[in-house]
Every structure is written in structure tokens, then in C-alpha cells.
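I have placed the structure first, in the form of C-alpha cells, so that the comments after it can refer back to it.
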Amino acid sequence: MAVISPLSSTTLFQHPTNSIRMTKVASLLPKEDSSPYSLAQSCRSMFSYRSIRKFTAIFSVTAEAPSATSRDQAAKRRLYVGNIPRNVNNEELANIFGEHGSVEKAEVMYDKYSGRSRRFAFVTMTSIDDANAAIEKLNEKEIGGRKIKVNVTEKPLNSFDRSQLQTDESKFIDSPYKVYVGNLAKTVTTELLTKFFSEKGKVLSAKVSRVPGTSKSSGFGFVSFSSEEDVDAAISSYNNALFEGQQIRVNRA
785 MAVISPLSST TLFQHPTNSI RMTKVASLLP KEDSSPYSLA QSCRSMFSYR
835 SIRKFTAIFS VTAEAPSATS RDQAAKRRLY VGNIPRNVNN EELANIFGEH
885 GSVEKAEVMY DKYSGRSRRF AFVTMTSIDD ANAAIEKLNE KEIGGRKIKV
935 NVTEKPLNSF DRSQLQTDES KFIDSPYKVY VGNLAKTVTT ELLTKFFSEK
985 GKVLSAKVSR VPGTSKSSGF GFVSFSSEED VDAAISSYNN ALFEGQQIRV
1035 NRA
């Protein structure tokens, strides 16, 4: 929390961490035996631009940076919720988790291209105890015909890995001729997805969606083509087909 020291002489000369600065400020004050000329000079010096900056710095607003411990505790309150029904929204999710503790925030993730739910979300509880209770009660619980996954969010990627994922994301070429590919195996990469669909049409681009801030697959992706015919061929050939051991769903995005 920001703290501003009051502008008083008591605070000025009793500040525990600024003894050196106090000496400098005191040195600018006029001496008792100063002449009128010296007094004027001292006042000008004291309130010169540089002196005012030094003087003001003593009373600058300081904010404590969050400690590593507080960041760790915040991370333990933030839960990843996977395999949620596509029609569940933020309010409904908050109500579900609110039955097992106090919810600070609930956020369903949506695809920026299609606007569809990505079938996962993040829920932040107000305490670690509430987060643990939610995991215990809701992990593997069936909601809307689907067993949801609830656990503490994964360790964030380092700056290099995060930058790499952002680069991969920016390479995706959007197109009006695009398909959504669901139920992807965790082993499927963007390269595998591109190669698989290239057998039935000219693939402009492909991407496997990742859980934000991690390298973990979200279990779905998108493939863009150069024509409507390629989209039709991909859907008719690959909807419900086996890919890396799982039956995938393919439809228009």
C-alpha cells in the first residue's frame, strides 16, 4: 500500500532511512549568523529546482512490490477448469464454484476467431482453503454431461517460451474457408495438424490452441484453406476420423 509521509519538520528530521538526505537538506538552511545577503542566497539555493527535487524525493510515494510468497499464494487460488460444456458462461461458472467457497473471479475462455467457448476457464477463489475445497468437490464432477477437470493452474512459461508461443500464434493465416477441429490428442502439434489436413486440400495455415500462458494443448485447433471445396472435402473426410488415437470432430468455424 502506498504511504505518503506528512510534510512536517518532525517527520523530516526523524525519517529513519534518509539520514544522508536530511544532512543535505539541513545544510541548505541559513545559519543563525548569516547576513541578509547570505540568507537570500541560502533561500534561493534551498528552493532551487535541484533542491526541490531532492526535498520532494524524501516524501515520494513508495509502493511495496508483491513478494514471491504473495505471488505463490495468488497462484494457488487460481484454478484451471477444463472440459466444461460449451454453453457455460462466467456467471454460471461462478455460481457452480460459489457453492464450495467464495469466488473472486470466473472467466470462460473464448476463441477470438469464432467466438465459441474453448471449453476451459479460470476461476480465482478468495482463499487457498476455498480453492482446495473446490478441487476436492468439483474435479471429475459431471456438469452438463461432461466431467470437468479442476486443478491449480500450471507454472507459467518463462519469457522465452511465452514469446515463442506468441510468435506461433501470430503466424496463423485466417481465412473465410476455415474448419474447427475438436477432441485433438495432446500429442498433436501444429505441424502434425497441417500435414494431416494437407492430404485433402490446400492448407493455408493451421494452429493448435494452447492454454494461455502455458504450452498445454487446449484439445482443439483451426485449419484454414484456400477454397470452399477444400473445406467440404476436409469435413466429409475427417469428421469423426481417428487422428493420433482419438476420434476428432471437424466442422465449419
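Using my numbering, the first residue of the sequence shown is number 785, and each one after it goes up by one.
Positions of the beta carbon are idealized from the N, C-alpha and C atoms, including for glycine.
Self-check item: Per DSSP, the bridge partner or partners of Ala-990
Solution: Beta-bridge pairing links Ala-990 to Val-1007.
Quiz prompt | Paired residues, beta bridge with Gly-866 - DSSP | solution = In DSSP, Gly-866 forms a bridge with Phe-904, Lys-933.
Exercise. Tell me whether Phe-956 sits in a helix, a strand or coil according to DSSP, three-state version.
Key: Of the three classes helix, strand and coil, the one that applies to Phe-956 here is coil, per DSSP.
Practice problem: Buried or exposed for Leu-863, please, with buried defined as at least 16 other CB atoms from any protein chain shown within 10 angstroms of its CB. | Solution: So Leu-863 counts as buried.
Self-check item: Segments of 3+ residues assigned as beta strand (DSSP E) that fall wholly inside the stretch 1012-1036
Solution: Correct list: 1033-1036.
Quiz item: Tell me, which residues are paired with Gly-966 by DSSP?
Solution: Answer by DSSP bridge pairing, in chain order: Phe-1004, Arg-1033.
Quiz item: Going along the chain, which residues of its own chain have a beta-carbon closer than 7 Å to the beta-carbon of Tyr-894, five neighbours each way excluded?
Solution: Around Tyr-894: Arg-900, Ser-901, Arg-902.
Quiz item: Bridge partners of Glu-891, per DSSP?
Solution: Looking at the DSSP output, Glu-891 bridges to Phe-906.
Quiz item: Is the Cβ-Cβ distance between Gly-928 and Ile-1032 less than 8 Å?
Solution: Pairing Gly-928 with Ile-1032 gives a Cβ-Cβ distance that is not under 8 Å.
Quiz item: Out of Thr-908, Val-934, Met-909, Glu-926, which has the shortest C-alpha to C-alpha gap to Glu-920?
Solution: When each option's Cα is compared against that of Glu-920, the closest is Val-934.
Self-check item: Cβ separation of Val-963 and Ala-1037, assumed to be a contact under 8 Å, to the nearest whole Å
Solution: Indeed, because the Cβ distance is near 6 Å, the residues count as touching under 8 Å.
Quiz prompt | Residues that DSSP places opposite Glu-926 in a beta bridge | solution = Residue pairing for Glu-926: DSSP places it in a beta bridge opposite Lys-931.
Exercise. Assign Thr-974 to one of three DSSP states: helix, strand, or coil.
Key: It is helical.
Quiz item: Can the beta-carbon of Ser-1001 be found less than 8 Å from the beta-carbon of Lys-970?
Solution: Contact flag set, yes.
Exercise. Below 8 Å on the Cβ atoms is my guess for Lys-991 versus Phe-1006; work out the distance and round it to an integer in Å.
Key: Confirmed, about 6 Å.
Exercise. Would you kindly work out how many angstroms separate the C-alpha atoms of Lys-860 and Val-1015, rounded to a whole number?
Key: The straight-line gap separating the alpha-carbon atoms of Lys-860 and Val-1015 is approximately 43 Å.
Exercise. Using a threshold of 8 Å, state whether the C-beta atoms of Ile-932 and Asn-867 are closer than that.
Key: The criterion of a C-beta distance shorter than 8 Å is satisfied by Ile-932 and Asn-867.
Quiz item: What's the gap between the Cα of Glu-1012 and the Cα of Ser-959?
Solution: If I take the Cα positions, the gap works out to 10 Å.
Quiz item: How should Gly-1029 be labelled, buried or exposed, when 16 other C-beta atoms within 10 angstroms of its C-beta is the threshold for buried?
Solution: Looking at its Cβ environment, which holds fewer than 16 other Cβ atoms inside 10 Å, Gly-1029 is exposed.
Self-check item: Straight-line Cα distance separating Val-936 from Thr-974
Solution: Their Cα atoms are separated by approximately 26 Å.
Self-check item: Integer Cβ distance of Tyr-961 from Ser-1008, believed to fall under 8 Å
Solution: Contact between Tyr-961 and Ser-1008 holds: their C-beta atoms lie close to 6 Å from each other, under 8 Å.
Exercise. Given a cut-off of 8 Å, decide if Phe-881 and Ala-890 are closer than it, judged by their beta-carbon atoms.
Key: Yes. Within cutoff.
Practice problem: May I ask you to report which of helix, strand or coil DSSP gives Gly-885? | Solution: Annotated three-state conformation of Gly-885 is coil, per DSSP.
Quiz item: Quick one, are the C-beta atoms of His-884 and Ala-917 less than 8 Å apart?
Solution: Their beta carbons are under 8 Å apart, which means His-884 touches Ala-917 by this criterion.
Quiz item: How would you call Leu-977, buried or exposed, if buried means at least 16 neighbouring beta carbons within 10 angstroms?
Solution: Looking at its Cβ environment, which holds 16 or more other Cβ atoms inside 10 Å, Leu-977 is buried.
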